[in-house]
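Trainee: Numbering (our numbering), first residue to last: 465 to 916.
Take this structure, written in structure tokens, and hold onto it; I'll ask about it next.
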Amino acid sequence: MTQMNNDITQETAVPPELFYRNFGMPPLFTLEGTEHAAHDFFALPIQQHALDFDDDAMAVFLRLGFFLSADTPFKQIRVQHPAAQEAFLQQQVQPYQGSFDDAAREYGEVFKRAIANYLSTMTQDKIVMPLSGGRDSRHMLFAILASGKQIDHCVTCVRPPPYDEQDINVARELCKELNIRHHALALEPDYLAQQLENFRMSGYCAEENAWISVVANYFNTLDSSYVAFDGLAGGILSDGAFTSAKKIQLYREEKWQELADIILSAEGYLPAMLSKQDYLRWSREKAVSRVIAELKRYKHCPNPIGQFYLWNRTRREICYIPFGYMNKVVNVATPYMFRDVYNFLLQLPGKFFASESFHTRAIELTYPQYAHIRWAERTPPKPVGLAQRIKTLTDIGGFLLKNPHPVSKRFIYPRLAAGMLSGDYASRVTDIMATPVYLAELQRFIRSGRRS
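Written out as structure tokens, the structure is:
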């Protein structure tokens with residue numbers, strides 16, 4: 465593979481707007497001992513094969529909510545390694561030599577050009593923009609407008625608790641300032657159905673995407689004359705999500721055990737949730753060992769922590785938002801994965817992202833005329849309403865009664881009852897119950913071999 469400066473794409477050439485395919489997005493599932501491969505997990509001839517848990521992989525998933533590299537819940541099912549991955553990881557990238565502000569300013573221009581180049585060849589007539597109160601969608605919005613293109617409308621979804629309404633309020637203010645139509649999408653009430661579909665659509669490999677079905681359902685009412693812009697990898701690549709000065713230091717010092725412990729975070733409810741047998745089966749030691757092995761693959765990267773999360777969390781979990789939920793009817797563009805954008809961000813050192821201010825600075829330097837528009841900030845969550853928490857927690861309890869799982873009833877039902885009594889606690893209980901629901905659904909699938 466030839467390399468020109470930091471351009472890593474010479475022999476993995478796809479159109480710039482399809483560069484994400486070099487990363488294996490969406491993942492391609494393969495079944496051991498067969499020639500079958502499919503993006504749809506359920507297209508594999510699974511019913512004809514016995515499936516065994518991959519205990520090391522499950523140990524990681526139960527703590528992180530996503531799988532690493534080629535792992536899935538099952539030993540017999542793998543995700544195909546992208547052909548470009550080893551070339552991506554083994555190349556010697558020259559770290560960026562300029563200052564923080566130099567990089568932020570240059571990034572703003574690189575991103576603006578990449579958007580303009582895409583728009584100049586776009587065949588769709590209309591642009592719809594999922595807009596939050598954060599950086600990723602706003603940067604895309606400003607770059608589109610700077611190109612001279614008009615945005616048909618923006619949509620913002622109410623996120624489930626503990627999120628509040630800041631996203632909608634800030635997005636609405638931004639659209640009013642820019643004279644763009646804005647639609648607020650209400651949260652759909654059937655949490656359990658959304659979560660089960662999320663598990664199934666991802667081949668039981670993603671935990672946190674269920675809320676986006678609200679946006680997906682809206683997009684399905686549109687037509688193929690629309691293109692939507694999604695901020696896939698924006699937080700990881702340009703805002704330092706999940707990166708910290710401590711993680712960077714530990715990686716540099718090769719203190720793998722301590723770094724893996726920070727990435728996996730505390731055990732939380734897991735020891736109380738699982739039986740002793742299952743907790744040993746899916747132990748923290750197995751998870752730590754698996755995370756360390758994966759971390760060591762990114763030694764050649766100027767920002768190894770960011771690349772670890774890109775190739776794992778983004779590639780294995782978050783990519784289902786644009787390439788599973790959103791693209792059934794409308795076309796979806798992912799500018800942070802455009803070739804020139806990725807190649808520029810790849811060379812930036814991890815220290816630029818330790819404070820999570822790089823993306824903000826790039827936007828402010830490139831579009832100073834909009835610097836007065838506020839960003840959404842986290843505020844105390846609103847309590848879950850009585851009707852919503854009764855429906856959600858009753859649905860969860862009924863599903864867990866109907867479907868066998870390895871979690872103790874003494875763990876589940878007192879918490880469900882407490883959640884019904886407390887609107888403040890209900891969202892926390894819903895989050896906790898994602899793991900029992902996942903394990904119950906996984907065992908239902910193993911017994912039946914069917915989607916539902």
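We put the CB at the ideal spot given by N, CA and C, even for glycine.
Just so we're clear, the structure is a prediction, and the values are computed from it rather than from any experiment.
Quick one: residues in its chain with C-beta nearer than 8 angstroms to the C-beta of Gln811, no 5 flanking neighbours on either side, listed in chain order?
Mentor: Cβ neighbours of Gln811 beyond the five flanking positions: Asn470, Val557, Gln558, Pro559, Tyr560 and Pro766.
Trainee: Going by C-alpha distance, which of Phe505, Pro537, Ala521 and Ala692 is nearest Leu515?
Mentor: It is Pro537.
Trainee: Would you call Glu841 buried or exposed, if buried means 16 or more other Cβ atoms sit within 10 Å of its Cβ?
Mentor: It counts as exposed.
Trainee: Name the one or two DSSP bridge partners that Cys618 has.
Mentor: For Cys618, which the question treats as bridged, DSSP gives the partners Met593 and His646.
Trainee: Output yes or no for whether 8 angstroms exceeds the beta carbon distance between Val543 and Phe506.
Mentor: Going by C-beta atoms, Val543 is not nearer than 8 angstroms to Phe506.
Trainee: Taking the alpha carbon of Leu865 as the reference point, which residue from Ile632, Pro900, Glu499 and Leu482 has its own alpha carbon closest?
Mentor: Closest option to Leu865, Cα to Cα, is Pro900.
Trainee: For Ser584, count neighbouring C-beta atoms within 10 Å of its own C-beta (all shown protein chains included) and say buried if the count is 16 or more, exposed if not.
Mentor: Flag for Ser584 reads exposed.
Trainee: Output needed for Asn867: all residues of its chain with C-beta closer than 6 angstroms, excluding positions within five of it in sequence on either side, in chain order.
Mentor: Within the same chain, Asn867 has close Cβ partners Ala904 and Arg908.
Trainee: Quick one: what does DSSP say Ile827 is sitting in, helix, strand or coil?
Mentor: If DSSP states are grouped into helix, strand and coil, Ile827 belongs with the helices.
Trainee: What residue from Gly862, Thr858, Ser912 and Leu850 has the CA that sits closest to Ser886's CA?
Mentor: For the residues Gly862, Thr858, Ser912 and Leu850, the minimum Cα distance to Ser886 belongs to Leu850.
Trainee: As a quick exercise: from Pro832, Ser702, Pro813 and Val691, pick the residue whose alpha carbon is nearest that of Lys792.
Mentor: Per the Cα distances, Val691.
Trainee: Using 8 angstroms as the threshold, is the stretch 568-579 in touch with the stretch 677-692, meaning 3 or more CB pairs across them?
Mentor: Because the criterion of three Cβ pairs below 8 angstroms is not met, the stretch 568-579 and the stretch 677-692 do not touch.
Trainee: Looking at Ala757 and Leu728, is the spacing between their C-beta atoms short of 8 angstroms?
Mentor: Cβ distance not < 8 angstroms, so Leu728 and Ala757 don't count as in contact.
Trainee: Expressed to the nearest angstrom, what Euclidean distance is found between the alpha-carbon atoms of Gln614 and Ile608?
Mentor: Using only the alpha carbons, I get a separation of about 7 angstroms.
Trainee: Our contact map puts Leu686 next to Gly770 with C-beta atoms below 8 angstroms; I'd like the distance itself, whole angstroms only.
Mentor: With a Cβ gap of about 33 angstroms, Leu686 and Gly770 do not count as contacting.
Trainee: Among Ala670, Pro845, Trp675 and His647, which has the Cα closest to the Cα of Gln658?
Mentor: When each option's Cα is compared against that of Gln658, the closest is Trp675.
Trainee: Whole angstroms are fine: how far does the CA of Glu722 sit from the CA of Thr476?
Mentor: Low per-residue confidence applies at Thr476: pLDDT is 47, beneath 50, and the placement is therefore not dependable enough to give any value.
Trainee: Taking all protein chains shown into account, do 16 or more other C-beta atoms lie within 10 angstroms of the C-beta of Gly814, making it buried, or fewer, making it exposed?
Mentor: With 16 or more other Cβ atoms within 10 Å, it is buried.
Trainee: Just to confirm, is the Cβ distance from Pro653 to Lys855 under 8 angstroms?
Mentor: Yes, the pair counts as a contact, with Cβ atoms nearer than the cut-off.
Trainee: Residue ranges of each beta strand (DSSP E) run of no fewer than 3 residues wholly in the stretch 784-854, ordered along the chain?
Mentor: You should have 795-797.
Trainee: Count the other C-beta atoms from every protein chain shown that fall within 10 angstroms of the C-beta of Asn643, then say buried if there are 16 or more, exposed otherwise.
Mentor: By the neighbour-count rule (16 or more Cβ atoms within 10 Å), Asn643 is not buried but exposed.
Trainee: Could you have a look at Leu686 and say whether DSSP puts it in helix, strand or coil?
Mentor: In the structure shown, Leu686 sits in coil (DSSP, three-state: anything other than H, G, I, E or B).
Trainee: Assuming contact is defined by CB atoms lying nearer than 8 angstroms, are Arg803 and Phe487 in contact in what I supplied?
Mentor: No, the Cβ-Cβ distance between Arg803 and Phe487 is not below 8 angstroms.
Trainee: Just verifying my parser: in three-state terms, what is the DSSP assignment at Val752?
Mentor: DSSP places Val752 in helix when its eight states are reduced to three.
Trainee: Using DSSP bridges, identify the partner residues of Arg542.
Mentor: Arg542 is bridged to Thr494.
Trainee: Are the CB atoms of Ile827 and Phe693 within a distance shorter than 8 angstroms?
Mentor: Taking 8 angstroms as the Cβ cut-off, Phe693 and Ile827 do not qualify as a contacting pair.
Trainee: Looking only at its chain, what residues have a beta carbon closer than 7 angstroms to the beta carbon of Thr824, apart from the 5 residues adjacent to it on each side?
Mentor: For Thr824, where only same-chain residues beyond five positions count, the Cβ hits under 7 angstroms are Arg599.
Trainee: Does the Cβ of Gly883 have 16 or more other Cβ atoms within 10 Å, making it buried, or fewer, making it exposed?
Mentor: Gly883 should be labelled buried.
Trainee: Express the C-alpha separation of Ala568 and Met801 in angstroms, rounding to a whole number.
Mentor: Approximately 17 angstroms between the Cα atoms of the pair.
Trainee: From what residue to what residue does the alpha helix (DSSP H) around Val557 run?
Mentor: Element bounds for Val557: n/a, residue is neither H nor E.
Trainee: Grouping DSSP H, G and I as helix and E and B as strand, with all else coil, what is Ala610?
Mentor: Here Ala610 sits in helix by DSSP.
Trainee: Considering only their Cβ atoms, is the gap separating Leu738 from Pro870 smaller than 8 angstroms?
Mentor: Contact: yes.
Trainee: Under three-state DSSP, which class holds Ala670?
Mentor: Three-state result, Ala670: strand.
Trainee: From Lys711 to Gln511, what does the alpha carbon distance come to, in whole angstroms?
Mentor: Cα-Cα distance, rounded: 43 angstroms.
Trainee: Report the rounded CA-to-CA distance for Arg462 versus Leu809, giving the unit in angstroms.
Mentor: Outside the modelled stretch of the chain, which goes from 465 to 916, sits residue 462, for which no answer is possible.
Trainee: Do you know offhand how far Ala818's Cα is from Tyr773's?
Mentor: The alpha-carbon atoms of Ala818 and Tyr773 are separated by roughly 15 angstroms.
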